[in-house]
Amino acid sequence: MNRKKICAIILAFSIGSTLFLSKDYLLGTTNSVYAATINENLSPITDIDFPKDNSNNSKSIFVGGWALNKSGVKQIQILVDGQFKGNANIGGSRPDVDKFYSQYNDTNSGYSYTIDFNSIGAGSHTLSVQAIGNDGTTNLNSVKINVNKPAPLICVDIPHSGDATLNQTTIAGWSLNASKVSSVDILVDGTKVGNASLGIARPDVANIFPAYNDGTSGFTYTLDTSKLSHIAHTITVQSNGNDGSSAIQNFTLNRPSNITTIDTPKGSISGSATNVDVAGWALNPSGVKQVNILVDGTPAGTASLGDSRSDVAKVFPQYQNSTSGYHYTLNTSAIEGGKHTITVQAVGNDGTVEQNNSTINFDKPLPIMCLDTIKNGTNALNSLPINGWALNISGLKQVEISVDDNKVGTADIGTARLDVAKVFPDYNQNNSGFDYTLDTGKLTAGNHKITVKATGNDGTTSSQNVTIYRPAAMTDIDFPQNGLLLKGNSTNVTGWALNPSGVKQVNVLVDDKQAGIAAIGDGRPDVAKVFPQYNDTKSGYHYTLDTSTIGGGKHTITVQAVGNDGSVQASSITITRPDSLLTIDSPQVNQSFDNQNSVNIGGWALDITGVKQVSIVVDTQPAVNITPGVPRQDVYNAYPDYNNKNSGYNYTLDLTKLETGTHTITVSSTGNSGQTVSSSKTIKVNNPSLIPVTSVSLNKSIENLTVGDTDTLTATTVPTNATNKDVTWASSNSAVATVDATGKITAVAAGTATITATTVDGSKTANCTVTVNNKKGYVNNAYLNVRSAPSLDANNIVGVLYDYQSIDILDSVTDSADNITWDKIIYNNSTAYVSDAYIQHYTSPPNNVVNIASNITKQFEVGTSDQIVGNFDGEGLSLGYLQWCIGQNTLQPLLNRMDSQYNSEMKSIFGTNYDSIHNMLQDTPANQLNWAKSINDSSNNITNSWYSQLVNLTNNQDFIGIEKDAQVYTVHQAMLICDKYKLNTVRGFALAFDIVNQNGSISTAAQEIISSTYVTNPNMSEKDLLKVIANAIASTSTTNSSDILARKMAIINGQGTVHTIDLNLDSNYGLSDNLWR
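Per mature numbering (1 follows the signal peptide of the UniProt record, and there is no 0), the sequence shown runs over residues -22 to -1, 1 to 1055.
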């Protein structure tokens, strides 16, 4: 439908609307201006005045027209074939448009834009103008345009298609494009490798093609072909115009292949030749960098390069190489005879490798050898000579000897063998012999493979194997025969033994226990005749076996023959010894005895070795041992083999101590061989006057001892008038503690043992648990060297012990040379020694008892305070959870050890005050006390600077450890009090511990009070004694007597008020009246 009809339709269907038409449109022109207002809904309008639709263009294209939008035109975009070219200039005055479209109220609706001719390729294109309103609405109008341009041209001048290239090739030519050439791309086999240089003057081309108006159309590019493979490659040159058009030309370049040849050697080579020339030529388009020579794949060397080869250059001119030859002198001394492959590898400068092979036949005599002295099946005793000869064209380097594939040695070579040289003259070797002596003494019995391998100077080998035989060791027992009945007290053991290494010793064993060593070297020609390979005519042995200690029954006699090589061969037989015999003639079984004082136990005992002892046991009572010897001709007549006429025994058993009832009598006989046989009978006893034991108790139920200590237990039976009050004693662990028949305990080693008393009457028992501790000690006022051996040798020093460090003493030894007693200890998990002169020995309760006492005293002393006390008690300074005091000289050793062992920490804690405390420790006791008082203020409080530093010291973990070590001093002093007053309970030790800490010791005046009280009441209980001690100490103290008594009575009563604090020591600290020893 044309535009006139459209406007007519709009007019026909519009009521109340006005339609404006331009006169140009009414006249039918195609580029007329029109406008319409319909219901005030104005649509965008875009018009193109220039260029005209389907116009032809041969230069830059002017684009002009007008555009209307009710919101105003914001931007006009110019597009060619849909591709944005740029924004047009807008705002051009167009009163003519405004006259016909006054309702848009826009007198400046014109736009203009010029398209660069070089940016558009030749041919037909769609030109589009898109107007964008301020409200974002768009309107697009398009026309067709034709662009007339000459076609792009390209020409490659050099190289020519099919040319050869080595390492690089220059590509040059010219290219024309009506829109000018923007780039020339170079591609190899479709892959771009670079861009040519442009702008080279080519007036010749400009003269021929003036339409392009381009006098600099030339281009050039240097192509690196060194990495191209050796095939034909397609080179593409593509010229690109500014308008996107292009021109392409393809051609091929050939890169020559690598070539390597071997001129010599070829065919066969004489075996006498020691050097062979390897020569030929090699070509590589990148040049040959190196030529490697290999023999059978193994590198041999590098050839010399650069030999003139004009003949090769003539045939292969494209390589431009007239010196492609190489040569190499190959040493063949190490090459075996036979076929070999010579490989020549030519390596190019580009890293490529080309190789060629040549197969040669090296006519060289093979290595040969022969063994002269040993053959298969040769017998080997202690040594075996190995002799023979070996030939190798390169000369003999060594001859190895192996046994069962394990090398054992190298033979001596160079022995003259003219006989061999005469038979094999080609080798030209007169000294081909070798010699070796093989030690076969350590070989096991049986077959062994001997390998002899000869190696030449060229590495070639020849070998020969033989099998030798080493006889097995043999042992035989001629006498006694197997199953012999042994009667006497001795028997001869004889026989023979063979060993290829010789027999060194023959052992005789009975039941796997050594009995003795037999004499060897007895002549046995009979054995040598049967076994000549051993070369031993004196293989016999003999031994007289003492059988007096061999008991009845079957026994195994074993003869072990030990060879000089250490091998052992054994043979065994079994003999039988008559059994031991025993009878009880009287009393009779279940015989009754009413109100009878005694009974005779009698009978007889036989043992082939003699009866050593007869033991009689009634029930579980201790055994009574008697010696037999009563004549018993009747027994001798019945058993003459035992040869014992005095086999009888008699014993009178006291029946007065046996309870009424049935009792078992057991008789045991022990022979000289140690064999024991027993027999039992029961009897019935009626003894109404006997008072039986109902129970037994010990004076102690627990005991703590130190290694070496002794103590005697007392057993009390109930009732006290029992007829038989005897008891037996036993230890559950005699390695820890032993007990004798009187109840005396001896502490042997650290550990625990139970001592049990058992009544003979009724087998009633009572126990005492014995804990044995190692001897304890601590370093007393010294820094003590620890030594690895009990000697003053300075090289033995392995460490140091400090004041109060405790030790377990394992043993003590005296060095007679220096007259020093050394204590054996464990130091750093090893045995070590310290001088006993600086060790204070002491005993200690168990750790749990010490901890109870220590915690109670700590509560009394410091509670939860900082553990620092000034000069309130006249001691200058008290420090720590125990009463470590300057005045009592108990604090100084702790400070000394801290200063020595942890010096850096002391300096850190005390800072500028360090020198003061360090110098004090070196001063006299009086000056030390004055120093302590000097750091107190007028109220006897520690001055601030020192107080904070001393608090830091008491909180230091290393110092706390030293305090714990130093506790041994207090324990030792407390134990002296416990031992003096026989305090054995936990409460007693806690009181003694607190006395040492608070009071130092028990004063003489207090001791006198205690002694006088104890004399008048020696049987008082321990708790009553503790009260006496507490009152004596408090009453004789010149200061703080009430505080002293409060502390001591709190311990005795288990509770009390100390320093205004109510304490329950029994409940909260585990204090008790339990015995700890």
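Glycine included, C-beta positions come from ideal geometry on N, C-alpha and C. As the structure is a prediction and not an experimental result, all values here were calculated from the model.
Residue i burial status per 10 Å Cβ neighbour count (16 or more: buried)
| i | result |
| --- | --- |
| threonine 310 | buried |
| alanine 910 | buried |
| serine 558 | buried |
| leucine 463 | exposed |
| threonine 1038 | exposed |
| threonine 7 | With a pLDDT of 36 at threonine 7, under the threshold of 50, the modelled position of that residue is not reliable, and the figure given next carries that caveat. Flag for threonine 7 reads exposed. |
| lysine 1 | Reliability of the predicted coordinates at lysine 1 is poor, the pLDDT of 33 falling under 50, and the value obtained from them is presented with this limitation in mind. Exposed, because fewer than 16 other Cβ atoms sit within 10 Å of the Cβ of lysine 1. |
| proline 823 | buried |
| serine 894 | exposed |
| tyrosine 521 | buried |
| valine 293 | exposed |
| alanine 14 | With a pLDDT of 38 at alanine 14, under the threshold of 50, the predicted position of this residue should be treated as unreliable, though the coordinate-derived value follows. Classification for alanine 14: buried. |
| glutamine 976 | buried |
| glutamine 492 | exposed |
| asparagine 425 | exposed |
| phenylalanine 62 | exposed |
| histidine 950 | buried |
| asparagine 1046 | exposed |
| proline 345 | buried |
Limits of the unbroken beta strand (DSSP E) element including residue i
| i | result |
| --- | --- |
| arginine 765 | 762 to 765 |
| glutamate 681 | 680 to 684 |
| glycine 541 | 531 to 541 |
| glutamine 547 | 546 to 555 |
| methionine 1027 | Segment 1019 to 1031 is the alpha helix (DSSP H) holding methionine 1027; no beta strand (DSSP E) there. |
| leucine 907 | Where leucine 907 is concerned, there is no enclosing beta strand (DSSP E), although the alpha helix (DSSP H) it sits in stretches over 903 to 912. |
| asparagine 628 | 626 to 632 |
| proline 363 | 361 to 369 |
| serine 656 | 654 to 664 |
| glutamate 986 | Counting along the chain, glutamate 986 falls outside any beta strand (DSSP E), though it belongs to the alpha helix (DSSP H) covering 982 to 994. |
Start and end residues, alpha helix (DSSP H) containing residue i
| i | result |
| --- | --- |
| isoleucine 834 | 825 to 839 |
| leucine 899 | 892 to 899 |
| leucine 770 | Here leucine 770 belongs to no alpha helix (DSSP H), and DSSP marks it neither H nor E. |
| methionine 876 | 870 to 879 |
| glutamate 314 | No alpha helix (DSSP H) contains glutamate 314, which DSSP labels as neither H nor E. |
| methionine 953 | 935 to 959 |
| serine 1045 | 1043 to 1047 |
| arginine 448 | Note, arginine 448: premise wrong, no alpha helix (DSSP H); beta strand (DSSP E) at 439 to 448. |
| tyrosine 614 | 611 to 616 |
Whether residue i touches residue j by CB criterion (8 Å)
| i | j | result |
| --- | --- | --- |
| threonine 747 | isoleucine 830 | no |
| threonine 242 | alanine 257 | yes |
| asparagine 603 | glutamine 591 | yes |
| asparagine 119 | threonine 24 | yes |
| threonine 527 | lysine 635 | no |
| threonine 230 | glycine 140 | yes |
| leucine 476 | arginine 448 | no |
| glutamine 818 | asparagine 758 | yes |
| glutamine 927 | asparagine 891 | yes |
| threonine 307 | glycine 284 | no |
| asparagine 962 | leucine 1053 | yes |
| isoleucine 785 | glycine 755 | yes |
| valine 750 | alanine 719 | no |
Cβ-Cβ separation, residue j to residue i (assumed contact under 8 Å), whole Å
| i | j | result |
| --- | --- | --- |
| arginine 965 | isoleucine 1022 | Rounded, the Cβ-Cβ distance is 17 Å, inconsistent with contact. |
| threonine 695 | valine 671 | 5 Å |
| proline 565 | valine 589 | In fact, because the Cβ distance is near 21 Å, the residues do not count as touching under 8 Å. |
Check your understanding: Does the segment 976 to 988 come close enough to the segment 1010 to 1017 that 3 or more CB-CB pairs lie under 8 Å?
Key -> Yes, since at least three Cβ pairs between the segment 1010 to 1017 and the segment 976 to 988 fall closer than 8 Å, the two stretches touch.
Exercise for review: Would you be able to state if there are at least three C-beta pairs under 8 Å between the segment 49 to 66 and the segment 95 to 109?
Suggested key: Segments in contact, yes.
Practice item. Evaluate the contact criterion for the segment 148 to 158 versus the segment 188 to 198: three or more CB pairs, one atom per stretch, below 8 Å. Key: Short answer: they touch.
Check your understanding: Do the segment 774 to 781 and the segment 753 to 766 make contact, defined as three or more Cβ pairs closer than 8 Å?
Key -> Below 8 Å, enough C-beta pairs join the segment 774 to 781 and the segment 753 to 766 to call them touching: three or more.
Exercise for review: Check whether the segment 195 to 203 touches the segment 134 to 151, counting contact only when three or more Cβ pairs, one atom from each stretch, lie closer than 8 Å.
Suggested key: Touching, yes, given that three or more Cβ pairs across the two stretches are closer than 8 Å.
Exercise for review: For the segment 269 to 278 and the segment 315 to 328, state whether three or more C-beta atom pairs, one from each stretch, are separated by less than 8 Å.
Suggested key: Counting C-beta pairs closer than 8 Å gives three or more between the segment 269 to 278 and the segment 315 to 328, which meets the contact rule.
Check your understanding: With contact counted as at least three CB pairs below 8 Å, one residue from each stretch, are the segment 398 to 416 and the segment 468 to 484 in contact?
Key -> No: fewer than three Cβ pairs fall under 8 Å.
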